[in-house]
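Residue numbering for the sequence shown follows my numbering, beginning at 1 and increasing consecutively.
Virtual Cβ for every residue (Gly too), placed ideally from N, Cα, C.
Quick notes on the structure that follows.
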Amino acid sequence: MEGYAQVLTTVPSRAAAAALAGSIVNARLAACVQTVGPIHSLYWWNGKPEDAEEWQLLIKTTMTHLSALEKHIKENHSYDIPEIIVTPIVGGSADYLRWISAETKRTDASS
Numbered sequence: 001m002e003g004y005a006q007v008l009t010t011v012p013s014r015a016a017a018a019a020l021a022g023s024i025v026n027a028r029l030a031a032c033v034q035t036v037g038p039i040h041s042l043y044w045w046n047g048k049p050e051d052a053e054e055w056q057l058l059i060k061t062t063m064t065h066l067s068a069l070e071k072h073i074k075e076n077h078s079y080d081i082p083e084i085i086v087t088p089i090v091g092g093s094a095d096y097l098r099w100i101s102a103e104t105k106r107t108d109a110s111s
């Protein structure tokens with residue numbers, strides 16, 4: 001069985017979320033990207049605390065696409081160091097996981 005993952009990243013606005021989600025799905029690097037927001041983030045940046053409104057992207061993909069997805073996020077993200085957290089999917093609906101595979105494999109055939 002192919003491995004699956006959910007990748008999390010955050011962006012500074014709804015427009016940035018829509019643009020990044022669209023570019024990820026159109027590139028077939030993920031079968032689905034869900035946008036959640038706004039969220040409130042408190043974090044350290046350049047030695048001082050920051051307080052920001054952000055939007056979170058939950059990206060459903062296969063393990064084989066992780067490297068290309070990370071590269072895509074870094075190239076299309078406005079942050080110097082974008083949050084990229086990978087959580088392996090250890091179980092789930094077999095039909096849903098097959099759907100993730102089918103939709104991301106469409107990239108493999110065209111590459």
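A straight-line Cα-Cα distance of about 27 Å links A18 and S93.
The DSSP-derived three-state label of L29 is coil. The region 41-53 makes no contact with the region 85-102; the number of CB pairs closer than 8 Å stays below 3. By the neighbour-count definition (other C-beta atoms within 10 Å, threshold 16), V36 is an exposed residue. Burial is judged here by how many other beta carbons sit within 10 angstroms of a residue's own beta carbon; I59 has at least 16 and is buried.
Rounded to the nearest whole angstrom, the C-alpha separation of N76 and Q34 is 17 Å. Residue environment: A102 is assigned as exposed (fewer than 16 neighbouring CB atoms within 10 Å of its CB, all protein chains considered). For A5 and I100, the gap between their C-alpha atoms comes out near 10 Å.
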